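Mind the numbering: the sequence shown is residues 1 to 249 in our numbering, read in order. Every residue, glycine too, gets a C-beta built ideally from N, C-alpha and C. Since we're looking at a predicted model, the values are computed, not measured. First comes the structure, then the notes that go with it.
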Amino acid sequence: MDVLVQEHADGVAIPTGAAFPELAAAAHYLGALDGLDCYAAGFTQDFVPPEGYKAVAARSLFKRVDDARFAVAGRALAIAEWDLTHRFCGRCGEPTHLVPGERARRCPVDKTPFYPRIAPAIIVLITRGDTMLLAHNAQFPEPMFSTLAGFTEPGESLEECVAREVKEEVGIDVKNIRYFGSQPWPFGRSLMVGFTAEYAGGDITVDQKEISEAHWFSPDNLPRIPPKLSIARQLIDAFVERVKGPAAP
1 MDVLVQEHAD
11 GVAIPTGAAF
21 PELAAAAHYL
31 GALDGLDCYA
41 AGFTQDFVPP
51 EGYKAVAARS
61 LFKRVDDARF
71 AVAGRALAIA
81 EWDLTHRFCG
91 RCGEPTHLVP
101 GERARRCPVD
111 KTPFYPRIAP
121 AIIVLITRGD
131 TMLLAHNAQF
141 PEPMFSTLAG
151 FTEPGESLEE
161 CVAREVKEEV
171 GIDVKNIRYF
181 GSQPWPFGRS
191 LMVGFTAEYA
201 GGDITVDQKE
211 ISEAHWFSPD
221 NLPRIPPKLS
231 IARQLIDAFV
241 ERVKGPAAP
């Protein structure tokens, strides 16, 4: 899904509800930012933006708006997509209705509630001494390398997911799995849960499906890595700082 923005000579701005009363009528409250209430409203593919407005990919707003507005745009995207894709009950096909006071839609027939779905996924930086394992995903733009990541399976703990994904994608075993931090990633309705882990054994053997190559890198010979937007970059930067010390201001 895209985000509607107002383009001007100095960049882009998030539209106000007054400019789109037909969308504002079905908006979802997100919270306040800089003293202004923020709302999310979905629009379909047949919506034609008026002059001066444009639908753009949400990721393209990175560094075009400040971090707080980028986060609000991502949250709005997730809520609007949930609202548009749960208008009808998945069991009986009846139109659903918003539940007052909750972030939910409900079927009036069988009372099934539908909440915004979040798919938890792990992302892990594996280290071996002063080196880190980075991999090239087949979907990455050449020649970027990053940390390993994958979605959790039903009945699986996050730590079990780390060990399984690493084994499946690069064929090695890990130990000392530790929580690092998390990052909402609404572009795929995900919550990225970051970990670090230490190499425990085995030879790198890539699956040639998701991962085309993987290597050990030192902080002094890093390949192209993800932008600072991502938790993958935070994991990499934290390890580099641990090995080399804080960067000069």
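Comparing alpha-carbon positions, which option in the options lies nearest residue i?
| i | options | result |
| --- | --- | --- |
| Ala200 | Glu210, Ile211, Ile177 | Ile177 |
| Gly74 | Lys244, Val124, Ala58 | Ala58 |
| Phe70 | Gly52, Asp220, Ser182, Leu229 | Leu229 |
| Ile231 | Ala214, Phe195, Met144, Pro95 | Phe195 |
| Ala197 | Gly129, Thr152, Pro116 | Gly129 |
| Ala19 | Val243, Leu30, Tyr53 | Tyr53 |
| Met144 | Pro223, Gly93, Gly90 | Pro223 |
| Glu165 | Pro141, Ile123, Gly31 | Ile123 |
How about residue i and residue j: do their beta carbons lie closer than 8 angstroms?
| i | j | result |
| --- | --- | --- |
| Leu98 | Ala68 | no |
| Ala121 | Ser190 | yes |
| Val5 | Pro21 | no |
Under a three-way DSSP split, which group does residue i fall into?
| i | result |
| --- | --- |
| Glu7 | strand |
| Phe114 | strand |
| Ser157 | coil |
| Ala247 | coil |
| Val162 | helix |
| Asp67 | helix |
| Gly129 | coil |
| Ala40 | strand |
| Pro49 | coil |
| Gly171 | coil |
From residue i to residue j, what does the alpha carbon distance come to, in whole angstroms?
| i | j | result |
| --- | --- | --- |
| Glu102 | Ala55 | 28 angstroms |
| Ile172 | Gly245 | 28 angstroms |
| Thr147 | Leu61 | 23 angstroms |
| Leu134 | Arg91 | 43 angstroms |
| Arg117 | Ala78 | 9 angstroms |
Spell out whether any CB of chain C is found under 8 angstroms from the CB atom of residue i.
| i | result |
| --- | --- |
| Asp10 | The structure shown contains no chain C; it holds only a single protein chain. |
What residue ranges within the region 198-238 form continuous alpha helix (DSSP H) runs of no fewer than 4 residues, ordered along the chain?
Listed in chain order, nothing qualifies, since the region 198-238 has no complete alpha helix (DSSP H) run of 4 or more residues.
Go through the region 79-110 residue by residue and report every complete run of the beta strand (DSSP E) that reaches 3 residues or more, in order.
none
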